[in-house]
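J.:
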Amino acid sequence: MGTYKDLLAFQKSYAIAMEIFQITKGFPGEEKFSLTDQIRRSSRSVCANIAEAYKRKRYKDYFISKLNDSETENTETQIWLDFAKDCMYITTELYQRLTALNTETGKLIWFMIHNPDKFI
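Each residue of the sequence shown is one higher than the last, beginning at -5 in the numbering used here.
Spelled out as structure tokens, the structure:
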């Protein structure tokens, strides 16, 4: 069996987090301690929680709990993307692409939550 890095949900969430990191470098300075920090933190937490879940996968309840945390952070990331678009820090096209990736990641996490035996 592989590592958490082999999980598609981890790979996609990590890629989104890295893209968000690059994009937020262009956010206004006054957003540094609000939107910029928040979206970076939540997007990074998605993949971090997936990794934590996988490392403790022998404990089914813990596995599911950490995946639930990941799903929650994924939703939070979407809210910050909404703010970024509505504050006009990102284009509608970029917003739509990131939202689609975020939604896809959420579906993968949801699948893992509801099918833990395929991963533990």
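Using N, Cα and C, we set each Cβ at its ideal position, and we do this for glycine too. Computed from a predicted structure; not experimentally measured.
In chain order, what residues of the same chain lie with their CB nearer than 6 Å to the CB of S39, ignoring the 5 residues before and after it?
T.: On the sequence shown, position 45 is the one that residue 39 refers to. If we look at S39 and ignore the five residues flanking it on each side, its Cβ neighbours are E67.
J.: Could you give the distance in angstroms between the alpha-carbon of G23 and the alpha-carbon of W74?
T.: On the sequence shown, residue 23 is found 29 positions in, with the first residue counted as 1. On the sequence shown, residue 74 is found 80 positions in, with the first residue counted as 1. Taking the straight line from one Cα to the other gives about 16 Å.
J.: Identify which residue in F4, T(-3), K(-1), G(-4) has its Cα closest to the Cα of F105.
T.: Position 111 of the sequence shown, counting from 1, holds the residue named residue 105. If we check each option's Cα against that of F105, F4 comes out closest.
J.: Pop quiz: N62 and I114 are said to be a contact at Cβ under 8 Å. What is the actual Cβ separation, rounded to whole angstroms?
T.: The count along the sequence shown starts at 1 and reaches residue 62 at position 68. The count along the sequence shown starts at 1 and reaches residue 114 at position 120. In fact, because the Cβ distance is near 15 Å, the residues do not count as touching under 8 Å.
J.: Out of N109, S64, P110, F57, which has the shortest C-alpha to C-alpha gap to S37?
T.: Counted from its first residue, the sequence shown places residue 37 at position 43. Minimum Cα distance to S37 is reached at S64.
J.: For a quick check, are the C-beta atoms of I33 and I14 less than 8 Å apart?
T.: Looking up residue 33 in the sequence shown gives position 39. Looking up residue 14 in the sequence shown gives position 20. Their beta carbons are under 8 Å apart, which means I33 touches I14 by this criterion.
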